[in-house]
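Numbering (my numbering), first residue to last: 44 to 422.
To start, the structure under review is shown below, and the notes come after it.
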């Protein structure tokens, strides 16, 4: 099996795989399963330092984004979509699907949203019920200051939906001004794909309960979970083995107090290596510490880099898609991938691959990466 160093799904530990292989409880009629689910949700909220309630839904992370929009948006609602990346702009599809009226706040895809400029925009443009924003837009690796952005939005009473699928537990994040936080199992959490997390504020719960129109979805409907614990009943059969695996992954995060610092140091060292070698990072600022994107050198192609990495080194990395298709290469250093040994192997293989494909490099990628970690005191 190849080494999977993509920006999600990530490598999964034996402990998580073992947990998923255990005999599982009957999720429909065993009340102890409800207790286990509830405790896992409480533990996730605790690790996020919030009193907001967490729900675990059976479906990949995109389900969480759609469920947030389906549950909050009513036909005719005005929704502000913050667009500085593919997933940021992609929120508009869900907004329009459920009858919302989209206004884009679009900025340079190479830069994080400028909070000062956004604040100035809001002064004259704040007649919105809901706003959507992405914390880390995975296709480019950009990171937005969601803490500051949501604080400004909430000052005008705007409900906020935040996509933190690629950053949850890898980048610090306050939920104080976030109404629906969306996460996924397959990124920093380092469990297999198949589960989404939605963390809901009291304001969001009230807005959902006070809708004038029914929610036009069932599977993508957060309200059907609101009374699961009191009723000891789920709206559909929960994926018990997946939840067992998530339990093991969350337990690992709980005993990893340096997780944010580890991601920061690995991210900084990876970017330092890419730049020292003479490759071009795509972004101008707002670098996420969970994924690094660099431009495909003119001497070769994305397909050639990816296929050579896999064929010669048995390492799977990825390009990007949408407006970035064929233009970027992405290295995933999130969750279980964010460690010295795996990233050294990736960068050593990437160095050999690029040189084989005729790309001149100014420095050894793995060597610079190692030296950066030494300078940071990580090793």
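Ideal Cβ placement from N, Cα and C applies to all residues, glycine included.
Here the structure is a predicted model, which means the values were calculated and not measured.
8 Å CB neighbourhood of residue i in its chain, flanking five on each side removed
i: residue 264; result: 110, 113, 114, 258, 278
i: residue 79; result: 68, 286, 290
i: residue 201; result: 123, 169, 171, 172, 173, 174
i: residue 311; result: 332, 415, 419
i: residue 267; result: 261, 278
i: residue 88; result: 94, 95, 96, 97, 242
Selected residue, minimal CA-CA separation from residue i, among the options
i: residue 229; options: 169, 286, 190; result: 286
i: residue 405; options: 321, 419, 355; result: 321
i: residue 282; options: 54, 71, 48; result: 71
i: residue 236; options: 242, 289, 186; result: 289
i: residue 152; options: 381, 336, 418; result: 336
i: residue 58; options: 315, 366, 292; result: 292
i: residue 132; options: 162, 362, 91, 174; result: 174
i: residue 333; options: 307, 353, 343, 339; result: 307
i: residue 51; options: 187, 127, 373; result: 373
i: residue 350; options: 316, 395, 378; result: 395
i: residue 400; options: 359, 166, 343; result: 343
i: residue 378; options: 325, 315, 167, 296; result: 296
i: residue 359; options: 383, 392, 381; result: 392
i: residue 187; options: 134, 234, 127, 213; result: 127
i: residue 214; options: 90, 347, 85; result: 90
i: residue 156; options: 366, 81, 177; result: 177
6 Å CB neighbourhood of residue i in its chain, flanking five on each side removed
i: residue 221; result: 193, 203, 205
i: residue 239; result: 100, 102, 104, 106, 107, 227
i: residue 247; result: 222, 223
i: residue 217; result: 190
i: residue 144; result: 121
i: residue 199; result: 169
i: residue 284; result: 63, 67
i: residue 356; result: 392
i: residue 251; result: 114, 266
Identity of the residues DSSP links to residue i by a beta bridge
i: residue 377; result: None, per the DSSP bridge assignment.
i: residue 47; result: 359
i: residue 211; result: 214
i: residue 364; result: Beta-bridge pairing links residue 364 to no other residue.
i: residue 239; result: 100, 227
i: residue 338; result: 371
i: residue 174; result: 123, 203
Residue i, buried or exposed, once every other Cβ within 10 Å from all chains shown has been counted against 16
i: residue 195; result: buried
i: residue 274; result: exposed
i: residue 48; result: buried
i: residue 423; result: Any answer about residue 423 is impossible in this case: the structure gives the chain only from 44 up to 422.
i: residue 63; result: buried
i: residue 147; result: exposed
i: residue 65; result: exposed
i: residue 182; result: buried
i: residue 256; result: exposed
i: residue 316; result: buried
i: residue 44; result: exposed
i: residue 369; result: exposed
i: residue 149; result: exposed
i: residue 75; result: exposed
Residue-chain proximity (residue i, chain D), Cβ-Cβ < 8 Å
i: residue 256; result: Any reference to chain D falls outside this structure, which holds one protein chain only.
Spatial neighbours of residue i in its chain, beta-carbon cut-off 7 Å, leaving aside the 5 residues before and after
i: residue 386; result: 309, 313, 376, 412
i: residue 137; result: 108, 109, 112
i: residue 323; result: 337, 338
i: residue 409; result: 387, 390, 391, 394
Discussion item. Check whether the region 80-95 and the region 116-123 touch, using three or more Cβ-Cβ pairs below 8 Å as the test.
Written reply: When C-beta atoms of the region 80-95 are compared with those of the region 116-123, fewer than three pairs fall below 8 Å, so the two segments do not count as touching.
Discussion item. I'd like to know if the region 292-303 and the region 339-349 are in contact, where contact means that at least 3 CB-CB pairs between them fall below 8 Å.
Written reply: no
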